[in-house]
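Asks: Quick note on UniProt numbering: the sequence shown kicks off at 1 and runs consecutively.
Please see the structure below; I have some questions.
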Amino acid sequence: MEYHYPIDLDWSNEEMMDVIAFFNQIEAYYESQVKSDHVIDHYKRFKNVVPSKAEEKQIFKTFEKASGYNSYKVVQLAKREPDTTISHSQ
């Protein structure tokens, strides 16, 4: 699948990398598996870049429209099931 990540060109390179790394965790959940702790760690870095809940919702919506992957659901699952490996095929 080919799509673009929802990034803001005003972000620094490091911030862009943090956001992309977070979305890589979401992709891993849907395409194979990922450790819930990794999702949470990357989400925290994502939130350092995007502290606004409204902006987070918009970015998640844009990413889901492009990829079909629901970031919110993955983050919620990771929070409910810490210290485990999670995947869409569970």
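Built from N, CA and C at the ideal position, the CB exists for glycine as well.
Bridge partners of V34, per DSSP?
Replies: DSSP output for V34 lists I86 as bridge partner(s).
Asks: On the three-state DSSP scale, how would you describe S52?
Replies: It is coil, neither helix nor strand.
Asks: Please classify S71: does DSSP put it in a helix, a strand, or coil?
Replies: S71 falls in the helix class under three-state DSSP.
Asks: Look at S36 and E81 and say whether their C-beta atoms are less than 9 Å apart.
Replies: In contact: S36 and E81 (Cβ atoms closer than 9 Å).
Asks: Less than 8 Å between the CB atoms is what I'm expecting for I26 and K79, so what's the real figure, rounded?
Replies: Contact flag wrong, Cβ pair sits at about 14 Å.
Asks: Mind checking whether A66 and H42 have CB atoms under 9 Å apart?
Replies: Against a cut-off of 9 Å, the Cβ pair of H42 and A66 comes out as no contact.
Asks: In whole angstroms, give me the CA-to-CA distance for E64 and T84.
Replies: The straight-line gap from Cα to Cα measures roughly 24 Å.
Asks: In whole angstroms, what separates the C-alpha of V34 from that of K57?
Replies: The alpha-carbon atoms of V34 and K57 are separated by roughly 22 Å.
Asks: How would you label D18, buried or exposed, when you count the other beta carbons within 10 angstroms and need 16 or more for buried?
Replies: Per the 10 Å Cβ criterion, buried.
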